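These notes are about the structure you will find just below.
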């Protein structure tokens, strides 16, 4: 592994040196702007060559005018505001005419830009200075905005941060104008601070977004729905895993965290689950490079615990993100090929600013966030360990069940930590409760993040350090990110860019999520145990040899689990690309790019001696390697035709190579305690495992756009993949797409009234999907340990299929974008339907075949739904209120499975099954329920057995579905003066989940729900159990058969342990709850200091933010049972719907400081 890492590091360094060497040798012919004074005509011509725009002007208007080239845009996207700023001293301005066509005109009163002041009539007694910031509808600065005092015609221009200062006389009205925005007049009152928000001009429809393959397109031209988030939306209130920062912010995207642990796995689906095999994860692309995003949650062979190592996509630093774009439908993502069937999330990182030609910009931000565990189950602290027989012998009070004697009565009992007397006998101690036994274990978590970035005209270098401490003792993670973005124009027609990111992600211990976890041990701990005493987890005199536990021999000490049963990992992750763009002729460009996603990881698990599952100690070490290299080219030709037509066409190719290699060794018994090395393994206890896989996909693709008058756009695309994972007779699959965009407001010339803008979107597409390598032919697998000198090998019990076909998803979409009241209200609505067929799944087969399962093409799943996104500005002025909402409703249906198969077992958890049945919804859960009275007046009521206890109905029944009815995210931004308050509310309605934790806690008497009936005070009945008079009698509500065909009310009395055990245990239907919740996901309050406030300090953009996550949470299931983390995690696959022993929910709060130098 190290040799491969060194090889890639050397190649990267050589590549960078080569790029900069080319720069040094070609500098004399490079397009150099610095301090170069040329005619205005020359400057305009150069911009036409660089940005492919057209300037229209009268020769007399621009004649004999000279400028410095450094005043104008030089790279990146064309910036009309900067051109306007450069033209202002010449008495000129820029006006957009249409599709990349602009006019250079003289400034007049009509275009509201009069630079010369006329203040001879001003009242100097009312002289004052007004400061403020010009922002857009997203709160981002608008550089180059022109602010004019209408009383004097005196104008100033906002700086690069949108800040301005203007001197006025008395009450006046300011006119604010910027290219691409509607003009705005604001009355200047007595305040010296006046922040102004501009709304985008709906006639300026050249907003550019990043689409598939990194192609920049005009948003109005897209015939499909995409969503774009600015980087600030994921970096202000940071999460260790950037995917969590998308929750509630994008319509059609469902995000669920597997636990509250930072860096844990996240389940993300776009437009509903469509895979029977749970393969619903979208493709992540960072700067044009597909990046591994699969969750890693293997079952470690020592102790058989599930460890959540998260996903490599969490290695991306939020501070480096410029934008996040979600390609939802197949039409939007089709050009990415087979892996884009579940949608694509494009992450574009920050690059050079193209502005500071003579210097560098240094930015820094620091944040500290603290996590506090809250919302535990409602544990009871009135009764201690034991059973409900009334016995108080030592073995009874050592039980993990909580049916023992009442606490805090002054009684003394022999218990888990009783001392011994001179005869070696246990001494009874006070029987008292410890109500904070669970909370006392968890610590205050913390995450400290520091980021420093140096930005120049053509590069950005960033470093981020993250230090996290989990709420579980001895857990956390550390991460270091280095990100470099650089570009260079070899000449006006050839440009080279590169993006390289390196991340080192480490942890000394990752938490586990099953019966061996600390959460399980704590939640099942009786109320008479003081968890603080367990911090000294070694028995006195046997340190390092024998743990001291509250239930010696059957349950581990939770602190022993935290410090001696550890799961560490160390991951090195490199992503990068080099891209060359050439303008071959006017309108003809060629892009060539190669990108790499490479990682290596070492996992290490240690099990100390005396562990319940590994009494002799154990050790595991595994090395993982994965890489993916993509090499592609794209040839594009753009042309404006006569009669208002324009078109562009692109053709390209891609080759993708994947490699993975896993090697591991596990020792189930150690010779020397505390020596963690495979060489310390006892003879015959070592298990070796290795796996290697390669895969290649070759692709050709093409796309084109035909537009008319810049309001009608027809897109066509096609791609063909050849996959090495499919048989040669089916390894080629073709998928086309078509989309239409009509800007109706331009087509129908709607210029007045409430409707400002209207667009109609239509699209259709077909996308293919292949499978994992080695699914075609059966093969032998070597196994260990060997049988003496004979090497053992096993044959796969799954019958492979050398006639597999690719999966196919066909999608239709129709939508509209509407804007009202001069852009103060915007609505985007989309309806879609997707059919996914030929799914590749494993189904059971008869044992007579010699196999347990076989791989086939089967199944068709249909998803249909609505997405609605709304944004509005109800209040604008000194106080600004922006509100946004996104609504998602998706329904799926199993249209068909395979011939002769009407149901399919997708998975199971604690006896509950996920079954896929024809005609039903994907996500249905089936479990046990109770029997009911079959007829008569009490038909449908619970039928008990003859002793008055619950009994199972025959077979499994549907108990719920884990998919929500709908979800809603609501964002609010309030701005007043220097303050900005942001909030995000995440609401999910409907769906169900099964809580094994609830079932376990109630069946063993651990929560307050089980206090009813325990004594007279809690409604217990007086009864005799045959030997003893008791006051804890309970009668289960239901009916019993009298043996004569009649059903009578139950009158049998039983004890609480039997009642709750029978009533809840394994009765899945009683332990299934609504998954509805409302969460206040994010809150941030930011104060932005003005330049005047920072004075002579060499800093700018100084801001301080108070930030918080999950300040409020309400769940229909009650406190401590979070439906969001109700998931089954197994071998990287996450299935919602089951709540087990996850970490408690956390509330996070902190502070962030940002500044520029």
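Residue numbers (our numbering): 718 to 1874.
Note that beta-carbon positions come from the ideal geometry of N, C-alpha and C, so glycine has one too.
Remember, it's a predicted structure, so these values are computed and weren't measured experimentally.
Under the three-state reduction of DSSP, which class applies to residue i: helix, strand or coil?
i: residue 1545; result: strand
i: residue 1174; result: coil
i: residue 1463; result: helix
i: residue 1243; result: coil
i: residue 1509; result: strand
i: residue 1099; result: coil
i: residue 1634; result: strand
i: residue 1449; result: strand
i: residue 1871; result: strand
i: residue 806; result: helix
i: residue 1054; result: helix
i: residue 1715; result: helix
i: residue 1030; result: helix
i: residue 1839; result: coil
i: residue 988; result: coil
i: residue 1734; result: helix
i: residue 1302; result: strand
Along the chain, where does the beta strand (DSSP E) containing residue i start, and where does it finish?
i: residue 1007; result: 1006-1008
i: residue 1853; result: 1850-1853
i: residue 1776; result: Unbroken run through residue 1776 is the alpha helix (DSSP H), 1773-1781; no beta strand (DSSP E).
i: residue 933; result: 933-935
i: residue 1809; result: Taken as a continuous stretch (DSSP letters only), residue 1809 belongs to no beta strand (DSSP E), being part of the alpha helix (DSSP H) at 1808-1811.
i: residue 1159; result: Counting along the chain, residue 1159 falls outside any beta strand (DSSP E), and DSSP gives it neither H nor E.
i: residue 1524; result: 1524-1537
i: residue 1083; result: 1078-1090
i: residue 1582; result: 1570-1592
i: residue 1120; result: Run containing residue 1120: none; DSSP gives neither H nor E here.
Inspect the beta-carbon positions of residue i and residue j and report whether they are closer than 9 Å.
i: residue 1842; j: residue 1862; result: yes
i: residue 1221; j: residue 1290; result: yes
i: residue 1481; j: residue 991; result: no
i: residue 1580; j: residue 1609; result: yes
i: residue 1530; j: residue 1058; result: no
i: residue 1555; j: residue 1589; result: no
i: residue 1238; j: residue 1133; result: no
i: residue 1121; j: residue 1090; result: no
i: residue 997; j: residue 917; result: no
i: residue 887; j: residue 859; result: no
i: residue 1183; j: residue 1166; result: yes
i: residue 1172; j: residue 1024; result: no
i: residue 1805; j: residue 850; result: yes
i: residue 1069; j: residue 861; result: no
So residue i packs on residue j, CB below 8 Å; how close in whole Å?
i: residue 981; j: residue 1194; result: That pair is no contact at about 10 Å.
i: residue 817; j: residue 769; result: 7 Å
i: residue 1119; j: residue 1275; result: With a Cβ gap of about 17 Å, residue 1119 and residue 1275 do not count as contacting.
i: residue 1602; j: residue 1587; result: 5 Å
What first and last residue would you give for the alpha helix (DSSP H) that runs through residue i?
i: residue 1613; result: Careful: residue 1613 lies outside any alpha helix (DSSP H), inside the beta strand (DSSP E) at 1596-1613.
i: residue 1277; result: 1275-1281
i: residue 768; result: 757-768
i: residue 950; result: 949-952
State yes or no: is the C-beta of residue i nearer than 8 Å to some heavy atom of the ligand ATP?
i: residue 1406; result: The ligand ATP is absent from the structure shown, which contains no ligands of any kind.
Which residues in the same chain have their Cβ closer than 7 Å to the Cβ of residue i, if we skip the five residues on either side of it in sequence?
i: residue 1828; result: 1797, 1800 and 1864
i: residue 1867; result: 1084, 1085, 1086, 1087 and 1824
Take residue i and list the residues in its own chain whose beta-carbon comes closer than 8 Å to its own, dropping the five residues that flank it on each side.
i: residue 1625; result: 1631
i: residue 1619; result: 1634 and 1635
Residues in its own chain within less than 6 Å of residue i by CB, not counting five upstream and five downstream?
i: residue 1180; result: 1169 and 1199
i: residue 1125; result: 1149 and 1150
i: residue 1080; result: 1170 and 1873
i: residue 1437; result: 1417 and 1451
i: residue 1522; result: 1447, 1555 and 1574
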